[in-house]
Amino acid sequence: MSSWMELEQRYYVRAARRQPIVLVRGQGAQVWDEQGRRYLDFTAGWGVNNVGHCNPAVVQAVAQQAATLMQTSNQFYTVPQLQLAQLLVENSCLDRVFFCNSGAEANEGAVKLARKHGREHRDGAYEVITALNSFHGRTLGMVAATGQPHYQEQWLPLTPGFVHVPFDDVPALRAATTVKTCAVLLEPVQGEGGVIVPHTDYLRQVRAWCDQQGLLLILDEVQTGMGRLGALFGYEQFGVEPDIVTLAKALGGGAPIGAILAKERAAVFVPGDHGSTFGGNALTCAAAHAALQYLLDHRLPDNARRMGDRLYQGLEALRLEYEEIVEVRGLGLLLAVQFADAISADVVAACNEAGLLLNPVRPNAVRLMPPLTLTADEVDEGLRLFARGLAKALRERRT
Ligand code: PLP
Numbered sequence: 001m002s003s004w005m006e007l008e009q010r011y012y013v014r015a016a017r018r019q020p021i022v023l024v025r026g027q028g029a030q031v032w033d034e035q036g037r038r039y040l041d042f043t044a045g046w047g048v049n050n051v052g053h054c055n056p057a058v059v060q061a062v063a064q065q066a067a068t069l070m071q072t073s074n075q076f077y078t079v080p081q082l083q084l085a086q087l088l089v090e091n092s093c094l095d096r097v098f099f100c101n102s103g104a105e106a107n108e109g110a111v112k113l114a115r116k117h118g119r120e121h122r123d124g125a126y127e128v129i130t131a132l133n134s135f136h137g138r139t140l141g142m143v144a145a146t147g148q149p150h151y152q153e154q155w156l157p158l159t160p161g162f163v164h165v166p167f168d169d170v171p172a173l174r175a176a177t178t179v180k181t182c183a184v185l186l187e188p189v190q191g192e193g194g195v196i197v198p199h200t201d202y203l204r205q206v207r208a209w210c211d212q213q214g215l216l217l218i219l220d221e222v223q224t225g226m227g228r229l230g231a232l233f234g235y236e237q238f239g240v241e242p243d244i245v246t247l248a249k250a251l252g253g254g255a256p257i258g259a260i261l262a263k264e265r266a267a268v269f270v271p272g273d274h275g276s277t278f279g280g281n282a283l284t285c286a287a288a289h290a291a292l293q294y295l296l297d298h299r300l301p302d303n304a305r306r307m308g309d310r311l312y313q314g315l316e317a318l319r320l321e322y323e324e325i326v327e328v329r330g331l332g333l334l335l336a337v338q339f340a341d342a343i344s345a346d347v348v349a350a351c352n353e354a355g356l357l358l359n360p361v362r363p364n365a366v367r368l369m370p371p372l373t374l375t376a377d378e379v380d381e382g383l384r385l386f387a388r389g390l391a392k393a394l395r396e397r398r399t
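Per the numbering used here, residue 1 is the first one in the sequence shown, and the count goes up by one each step.
Next comes the structure, spelled out in structure tokens:
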């Protein structure tokens, strides 16, 4: 065990299941550990490094902004915040932006917008319908919104005001809607839930139902946004315009920032309603502006589509070779490989050893979400390493 792992055991709260790897450096889709071993990173820092680790444009923007102005109070205007807001609005279907620090915090703010909208426009309605198997974050409010009992059981009582329905099931959503409902909150593709892609028409039908009932449609694009699914925002892939979109993860190119984007009609906050000390801080906004500009200039969503297809095809070929793989699914560069048995921990350990970092998203499924800067050579190398790791894990299970 390295001395860093010993320090972790001694001083850190035991909240994470870690792989026995100490990462010290990253560049593009690659990271290096303390012994100088190189890995291809198909976890991308939990779907964060869409523009690659230590993207030079982001590094430069951070260094420059850090030496200029990092933090002010929100009593004052700052330039990076407004430049980033403009760039997001000009490249989305939304009209206004509020910045915060994380995905959970963005979702909390979105639910506050929905409750206020419900109070003003739907007779005090406050309930938000979310999906079973969803994931919306770790705050107490978002634990209640998340439709997975194992994220909830230890933190009872849950914050009231959330109702769960099966994902990809419009009749269930209709049946759950009452006079108390103010909004529907969904991930376009469920990420943490195992990369579950709904039928192509699902979100369009949800949109139509929300319009008919006067509900807000909130899309949690914390994981699917910023090009991950092969379009800048996941909603574009499904042909809908949400009232509110939440972002975080890849927005900052590695810097911690979240955002709520809202249509004018849903942006109902007035001064004093909401705030955040660090939200919209000049440093993280400069990083996010550089990351978004890079994403747009280099057409990374298109690359995500092309490289996602290549990776998908390669994984499909492995599925035909290995009966243990029962399904390959996903969109763009958010993919999962489903196994017949609960072998993902073994597969991930063997892939790590082979030099490929992966996430065991379910006991029987691994998730692949590499940087969107991925090249064809890196896709092919990732496939070779995955095949090597899988073969080793299966061999070891048999012996
Ligand atoms: N929403 C979705 C869809 C996520 O995937 C996540 C994190 O994985 C979150 C919200 C929570 O984001 P954060 O960890 O930044 O609070």
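Glycine is no exception: its CB is placed at the ideal position from the N, C-alpha and C atoms.
Take residue i as the anchor and find which of the options has the nearest alpha-carbon.
i, options, result
"Leu357", "Pro20, Phe135, Trp209", "Pro20"
"Met70", "Pro371, Asn281, Ala340", "Asn281"
"Arg310", "Thr246, Ser344, Gly36, Ala376", "Ala376"
"Gly36", "Trp46, Pro363, Gly45, Arg25", "Arg25"
"Ala287", "Asp33, Asn74, Gln83, Met5", "Gln83"
"His117", "Leu385, Leu296, Pro80, Ala262", "Ala262"
"Leu390", "Asn352, Arg362, Leu7", "Asn352"
Does DSSP classify residue i as helix, strand or coil?
i, result
"Phe167", "coil"
"Ala336", "strand"
"Phe386", "helix"
"Val379", "helix"
"Leu315", "helix"
"Glu108", "helix"
"Asn359", "strand"
"Arg96", "strand"
"Val326", "strand"
"Gly253", "strand"
"Leu300", "helix"
"Arg367", "strand"
"Leu7", "helix"
"Leu374", "coil"
Cβ atoms of residue j and residue i: under 7 Å apart, would you say?
i, j, result
"Ile244", "Ala208", "no"
"Gly147", "Thr130", "yes"
"Val128", "Ala114", "yes"
"Ile257", "Leu251", "yes"
"Thr43", "Asn303", "no"
"Ser134", "Gln190", "yes"
"Gly52", "Thr373", "yes"
"Ala345", "Asn364", "no"
"Ala106", "Thr246", "yes"
"Val184", "Leu217", "yes"
Quick check on residue i: buried or exposed, where buried means 16 or more other Cβ atoms within 10 Å of its Cβ?
i, result
"Phe233", "buried"
"Gly436", "Any property of residue 436 remains undetermined from this structure, which presents the chain solely from 1 to 399."
"Arg367", "buried"
"Gly224", "The sequence as given places Thr at residue 224; Gly does not occur at that position. Under this definition Thr224 is a buried residue."
"Phe167", "buried"
"Leu331", "buried"
- Task: Please specify which runs of the beta strand (DSSP E), each continuous and at least 3 residues long, are wholly inside the stretch 258-291, giving them in chain order.
- Result: Those beta strand (DSSP E) runs which fall completely within the stretch 258-291 and span 3+ residues are 258-262.
- Message: Report the start-end ranges of each beta strand (DSSP E) in the stretch 16-77 that is 3 residues or longer and not cut off at the edges.
- Response: The DSSP assignment places 23-27, 30-33, 38-41 as complete runs of the beta strand (DSSP E) inside the stretch 16-77, in order along the chain (cut-off: 3 residues).
- Item | Contiguous alpha helix (DSSP H) assignments of at least 4 residues, all confined to the stretch 122-201 | Qualifying alpha helix (DSSP H) stretches, in chain order: 140-145, 170-176.
- Item | Every unbroken alpha helix (DSSP H) inside the stretch 200-252 [4 residues or more] | Listed in chain order, the complete alpha helix (DSSP H) runs (minimum 4 residues) inside the stretch 200-252 are 202-213, 234-237.
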